[in-house]
Amino acid sequence: SRLLLERAKELDLAIVGVSFHVGSGCTDPETFVQAISDARCVFDMG
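Take my numbering: the final residue in the sequence shown is number 64, and no numbers are missing along the way.
Have a look at this one:
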């Protein structure tokens, strides 16, 4: 994620959001918590 964001910055591209996917069969709430946390970290990088 970091390398992709750095490359976008080099190309003067505007990143306007992030998303996450935990899998359609996921039933573990902790997986959602981790995915949202990871998405927040990526959001904060941009």
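In this text, a Cβ means the ideal position worked out from N, Cα and C, and glycines have one as well.
Item, Value
"Run through DSSP, which three-state label would THR45 get?", "coil"
"Quick one: is the Cβ of GLN52 within less than 7 Å of any heavy atom of the ligand FAD?", "No copy of the ligand FAD appears in this structure; indeed no ligand is present at all."
"Which of the three DSSP states is assigned to ALA53 in this structure?", "helix"
"Measuring CA to CA, which of LEU29, VAL36, ASP30 is closest to SER19?", "VAL36"
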